[in-house]
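These notes concern the structure reproduced below.
So, in structure tokens, the structure goes:
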């Protein structure tokens, strides 16, 4: 390794989270202790991440968080300070953790790939000990990021090419806000309000102004002066800025905005009321005032359904907050991490309602010549790809970590974003519908 | 300051998050820039945190995250590296941020206090500039923590004194998991599965075993050996451990568990199936086998409603995952941060559906002699407490930050937990019901 590579690697590490090792449920470490004691810790195992169903009868899910999972696995290293706090463990277990590095194999779906019930999204292979303790951090990341991306992709579809901005940081945990911005961008959002996400992931940052800005501008008698607020914003940020026009009266707000800015005003934002009616009225008013190129930005508890309902209205940009960062009524993706293979033997829980297919699996998607996806097939990991029956096949399972090291040429966030956009058009057309129904594709297991 | 104090302060800081300053929406900094340019940045303002309604027609909310907000305000300091990335700001704004420290006043409800629509949960006073840029980080923390605590308190009530454990880390963002554990503990949960929460906040950590543990124990032919798994767990963790008995057949699992552990077995966990029927069957079976003190732990998508439905069943411990960390269908508390006063003048947005009461406010709660709460009154901040009409009054608004510094003797997490437990019993009895209805108390504004 050259010294340049060393420096780059150190830089990459310094921008990551600190040790991820305590983002872990206690039972993983007590199972580890029991497994070290009876020797089962060293059995070769495969764990698999999948979901049994899609939330709210959606048609598809979007894999998100893969790059963050890989970083967390690399950062899964216990510090001495952390080990001191794990006083419920014996010395054998602490010694194992002291030198712990994941040295196994991880394969899985690309970030931005579509998934369905029983898609084997991630396959983690190695000793029981090294795999079992990664459960929580892997699931936390994939469940939160995939929940956001899966909802966000539906919103992007509903927006039908109009600009769509994520602005939900204030409605979710302060660090979940950062990764939600990333997941929404992956899913096709154009920008985020969140500055840490902009810095960390290179996502375009965007923003307008709050009602507080207008309310701040009172005269000496405490009477509101909307024009003074607009004037100050334009003086500071230029005439291309977006003015928030619904603090007092929207028609008056639009009038004031164009009076102050002139017809070159960049945009107006409406954050309350019946947005369908209002956008038509505001568009007519702007056009009448000669501000024909001034854009209309709407926000106010939008989700994929209200966005779709506004599709025929003169909206230029959708600002989406709460619903995207909370997964639009599905704040977690329902992914699980299950042991599926021990020393080459498939294993599976048999309790009612939670049965799963044993054995490590890989997957392919079958497509027509037109590119439309038809079905997803899983088959034993390392086995032969199933017969394609005249369809074209695409391998869904790709290598991510080999012997504990990241594989080369993992995709960038931008590449994963482009990848998802290309995948969405492969769905059968009804698969993009917002209504509740069966998954757009079925996943069928082919034993060999 | 003595050197001991210096060291303690440094220790306190090192256990906190890094700079919180970029957990911020872009528009706050562009508003700051415009305000610095036109001089309005220095106007004395009051911002207030409140909600317009409770989610899902719940009866009350629980304030959570206050201590984390105060830490984030203390840590709201821009590093040179962060400032370099803010290349959309001019030099005047960057210079302001370079020396930024919040030097104003924060008052608010105690952590663990109950709240209702229009309760003034937090009041932030200072210049427009120093207050406006705190919006996102304050709301992110209060919205996520209060969402979890508000749901968790209902689950604790439903559990009616039975033990209740938070184990939802795998279903939410990896750092939201840590603070969700804190919020659930505040609300009366007994323990968490999350090790980072245990370390950071001193919350008891708890855990049993996963299905993977049982599945790991296959013989050389790949046939399951549940008894070997149970034996190894007991050898390592003692007979007081909790064995997961539903991997294959529950009745056989219970039989195997008692055969291996004897009647002193600590507990069995059931994670699937119809928990009402199953717990009765398992209790009868355990009793018949002489394991009369062996406890029954249930998990499997529990929420406050399913917990309540199990109240008459022989459950000893509830393990709650997804629903508590996602706020049980309300993943955000809907709190907003609004400018309510400028240079002593009350200000308020007038757009339809989002009107709010202007002016900085404090609040008191009126109670009967029995302690039962009757009503909440708000009044102008700094004004005289409203007449009590023969009720006892309790001040809800307490000082939190004075001139940028934390006030002395802020409550510990344990004290806030005890405080909430005491507050819940002051609600009118119907206020603890799980059904949808009006808020348990109304909040009325008294002008002066």
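Residue numbers (the working numbering), protein chains in the order written: chain A, 1 to 448; chain B, 449 to 896.
Think of the CB as a built atom: it goes at the ideal place given N, C-alpha and C, for glycine as much as any other residue.
1. Closest by CA to residue 33 (chain A), which one among B:750, B:679, B:748 and B:685?
2. Ignoring anything shorter than 3 residues or poking outside the stretch 89–151 of chain A, list the beta strand (DSSP E) runs there in chain order.
3. If you measure between the beta carbons of residue 750 (chain B) and residue 717 (chain B), is that distance less than 8 Å?
4. Look up residue 843 (chain B) in the DSSP assignment and say whether it is helix, strand or coil.
5. Looking only at its chain, what residues have a beta carbon closer than 8 Å to the beta carbon of residue 738 (chain B), apart from the 5 residues adjacent to it on each side?
6. Short of 9 Å Cβ to Cβ, which residues in the stretch 96–109 of chain A face chain B?
7. Output, in sequence order along the chain, the residues in the stretch 610–633 of chain B whose CB is closer than 9 Å to any CB in chain A.
8. Given this structure, state the Cα-to-Cα distance separating residue 525 (chain B) from residue 476 (chain B), to the nearest angstrom.
9. Residues of the stretch 877–893 of chain B in Cβ contact with chain A at a cutoff of 9 Å, in chain order, please.
10. Considering only residues of the same chain and omitting the five flanking positions on each side of residue 214 (chain A), which have a CB-CB separation below 6 Å?
11. Here's the rule: buried if 16 or more other CB atoms are within 10 angstroms of the residue's CB, otherwise exposed. What is residue 553 (chain B)?
12. Consider the Cβ of residue 747 (chain B): report whether some Cβ of chain A lies at a distance smaller than 8 Å.
13. Thinking residue 180 (chain A) and residue 148 (chain A) are a contact (beta carbons under 8 Å), I'd like their distance in whole angstroms, please.
14. What is the residue span of the alpha helix (DSSP H) that residue 302 (chain A) lies within?
15. Do you know offhand how far residue 875 (chain B)'s Cα is from residue 137 (chain A)'s?
16. I need the DSSP call for residue 379 (chain A), collapsed to helix, strand or coil.
17. How many angstroms separate the CA atom of residue 143 (chain A) from the CA atom of residue 121 (chain A)?
18. Measuring alpha carbon to alpha carbon, tell me which of B:648, B:760, B:493 and B:483 ends up nearest residue 806 (chain B).
19. Are the CB atoms of residue 403 (chain A) and residue 79 (chain A) within a distance shorter than 8 Å?
20. DSSP three-state label for residue 179 (chain A), please.
21. Could you spell out the range, first to last residue, of the alpha helix (DSSP H) harbouring residue 785 (chain B)?
22. Once the 5 residues before and after residue 471 (chain B) are set aside, which same chain residues still bring their CB inside 8 Å of it?
23. For residue 858 (chain B), which residues in the same chain have their Cβ closer than 8 Å to its Cβ, ignoring the five residues on either side in sequence?
24. State the Cα-Cα distance for the pair residue 383 (chain A) and residue 448 (chain A), rounded to the nearest angstrom.
25. Can you look up residue 619 (chain B) in the DSSP assignment and give me helix, strand or coil?
26. Measuring CB to CB, does residue 151 (chain A) end up less than 8 Å from residue 178 (chain A)?
27. Between which two residues does the alpha helix (DSSP H) holding residue 659 (chain B) run?
28. When you compare the CB positions of residue 271 (chain A) and residue 300 (chain A), do they come within less than 8 Å of one another, or not?
29. How would you label residue 81 (chain A), buried or exposed, when you count the other beta carbons within 10 angstroms and need 16 or more for buried?
30. Identify the contact partners of residue 207 (chain A) in chain B, using a Cβ-Cβ distance below 7 Å as the criterion.
31. What did DSSP end up calling residue 205 (chain A) once you bin it into helix, strand or coil?
32. Between residue 440 (chain A) and residue 51 (chain A), how many whole angstroms is the CB-CB distance? I'm expecting something under 8 Å.
33. Taking 8 Å as the threshold (beta carbon to beta carbon), is residue 211 (chain A) in contact with chain B?
34. Between residue 1 (chain A) and chain B, is any beta-carbon pair separated by less than 8 Å?
35. Going by C-alpha to C-alpha distance, which of B:667, B:722, B:825 and B:690 sits closest to residue 764 (chain B)?
36. If we count Cβ pairs, one from each stretch, closer than 8 Å, do we get three or more for the stretch 633–645 of chain B versus the stretch 862–873 of chain B?
Quick look at the numbers:
1. Numbered from its first residue, the first chain carries residue 33 (chain A) at position 33. Of the listed residues, the one whose Cα sits closest to residue 33 (chain A) is B:685.
2. You should have 105–108 and 122–127.
3. For the purposes of this step, residue 750 (chain B) is identified with residue 302 of the second chain, where counting begins at 1. For the purposes of this step, residue 717 (chain B) is identified with residue 269 of the second chain, where counting begins at 1. In this structure, residue 750 (chain B) sits away from residue 717 (chain B), with a CB-CB distance that is not shorter than 8 Å.
4. As a first step, residue 843 (chain B) is located in the second chain; it is residue number 395 there, counting from the start. Under the three-state reduction of DSSP, residue 843 (chain B) is assigned to strand.
5. Numbered from its first residue, the second chain carries residue 738 (chain B) at position 290. Hits under 8 Å: 706 and 711.
6. Interface annotation for the stretch 96–109 of chain A against chain B: empty, criterion Cβ-Cβ distance under 9 Å.
7. Those residues of the stretch 610–633 of chain B that come within reach of chain A (Cβ to Cβ, closer than 9 Å) are 615, 616, 617, 618, 619, 620, 621, 622, 623, 624, 625, 626, 627 and 628.
8. In the second chain, residue 525 (chain B) corresponds to position 77, counting from 1. In the second chain, residue 476 (chain B) corresponds to position 28, counting from 1. Here the C-alpha atom of residue 525 (chain B) lies approximately 15 Å from the C-alpha atom of residue 476 (chain B).
9. Listed by position along the chain: nothing, the set is empty.
10. In the first chain, counting from the first residue as 1, residue 214 (chain A) sits at position 214. Residues of the same chain with a CB within less than 6 Å of the CB of residue 214 (chain A), apart from the 5 flanking positions on each side, are 226, 229 and 247 in chain order.
11. Position 105 of the second chain holds residue 553 (chain B). By the 10 Å Cβ count, residue 553 (chain B) comes out buried.
12. Residue 747 (chain B) sits at position 299 when you count from the first residue of the second chain. Not closer than 8 Å to any Cβ of chain A, the Cβ of residue 747 (chain B) fails to qualify, so no.
13. Reading the first chain from its first residue, position 180 is the one you call residue 180 (chain A). Reading the first chain from its first residue, position 148 is the one you call residue 148 (chain A). Sure, about 5 Å apart at Cβ, within 8 Å.
14. By 1-based counting over the first chain, the position of residue 302 (chain A) is 302. Careful: residue 302 (chain A) lies outside any alpha helix (DSSP H) and carries neither H nor E.
15. Taking the first residue of the second chain as position 1, residue 875 (chain B) is located at position 427. Taking the first residue of the first chain as position 1, residue 137 (chain A) is located at position 137. Near 39 Å, if we compare the C-alpha coordinates of residue 137 (chain A) and residue 875 (chain B).
16. To locate residue 379 (chain A), count along the first chain from 1; it is residue 379. Reduced to three states, the DSSP call for residue 379 (chain A) is strand.
17. Reading the first chain from its first residue, position 143 is the one you call residue 143 (chain A). Reading the first chain from its first residue, position 121 is the one you call residue 121 (chain A). Each residue's Cα considered, the two are about 12 Å apart.
18. Working through the second chain from its first residue, we reach residue 806 (chain B) at position 358. Of B:648, B:760, B:493 and B:483, the smallest CA-CA separation from residue 806 (chain B) is found for B:493.
19. To locate residue 79 (chain A), count along the first chain from 1; it is residue 79. To locate residue 403 (chain A), count along the first chain from 1; it is residue 403. Their beta carbons are not under 8 Å apart, which means residue 79 (chain A) does not touch residue 403 (chain A) by this criterion.
20. Indexing the first chain from 1 puts residue 179 (chain A) at position 179. Three-state DSSP puts residue 179 (chain A) in a helix.
21. Sequence index remark: in the second chain, residue 785 (chain B) carries index 337 (1-based). Where residue 785 (chain B) is concerned, there is no enclosing alpha helix (DSSP H), although the beta strand (DSSP E) it sits in stretches over 783–790.
22. The count along the second chain starts at 1 and reaches residue 471 (chain B) at position 23. A distance below 8 Å between beta-carbons, with the five flanking residues on each side excluded, links residue 471 (chain B) to the following residues of its chain, in chain order: 520, 584, 585 and 588.
23. The residue labelled residue 858 (chain B) in the question sits at position 410 within the second chain. Apart from sequence neighbours up to five positions away, the residues of its chain that approach residue 858 (chain B) with a beta-carbon distance below 8 Å are 515, 518 and 848, ordered along the chain.
24. Translated into positions along the first chain, residue 383 (chain A) becomes position 383. Translated into positions along the first chain, residue 448 (chain A) becomes position 448. Cα to Cα, the separation comes out at about 8 Å.
25. Position 171 of the second chain holds residue 619 (chain B). In this structure, residue 619 (chain B) counts as helix in the three-state DSSP scheme.
26. The count along the first chain starts at 1 and reaches residue 151 (chain A) at position 151. The count along the first chain starts at 1 and reaches residue 178 (chain A) at position 178. Cβ atoms of residue 151 (chain A) and residue 178 (chain A): not closer than 8 Å.
27. Taking the first residue of the second chain as position 1, residue 659 (chain B) is located at position 211. Residue range 659–664 is occupied by the alpha helix (DSSP H) that includes residue 659 (chain B).
28. Taking the first residue of the first chain as 1, we reach residue 271 (chain A) at position 271. Taking the first residue of the first chain as 1, we reach residue 300 (chain A) at position 300. Yes, these two residues count as a Cβ contact at 8 Å.
29. As a first step, residue 81 (chain A) must be located in the first chain, where it is residue number 81. With fewer than 16 Cβ atoms within 10 Å of its Cβ, residue 81 (chain A) is classed as exposed.
30. Translated into the one-based positions of the first chain, residue 207 (chain A) becomes position 207. Listed along chain B are 473, 474, 475 and 478, each with a C-beta nearer than 7 Å to that of residue 207 (chain A).
31. Mapped onto the first chain, residue 205 (chain A) falls at position 205. Residue 205 (chain A): strand per DSSP, three-state reduction.
32. In the first chain, residue 440 (chain A) corresponds to position 440, counting from 1. In the first chain, residue 51 (chain A) corresponds to position 51, counting from 1. That pair is no contact at about 14 Å.
33. If you number the first chain from 1, residue 211 (chain A) lands on position 211. For residue 211 (chain A), a Cβ of chain B is located within less than 8 Å of the residue's own Cβ.
34. Residue numbering aside, residue 1 (chain A) sits at position 1 when the first chain is read from its first letter. Bear in mind that the predicted position of residue 1 (chain A) carries a pLDDT of just 33, short of 50, making it too unreliable to give a figure here.
35. Working through the second chain from its first residue, we reach residue 764 (chain B) at position 316. The option with the nearest alpha carbon to residue 764 (chain B) is B:690.
36. Contact holds: three or more Cβ-Cβ distances are below 8 Å.
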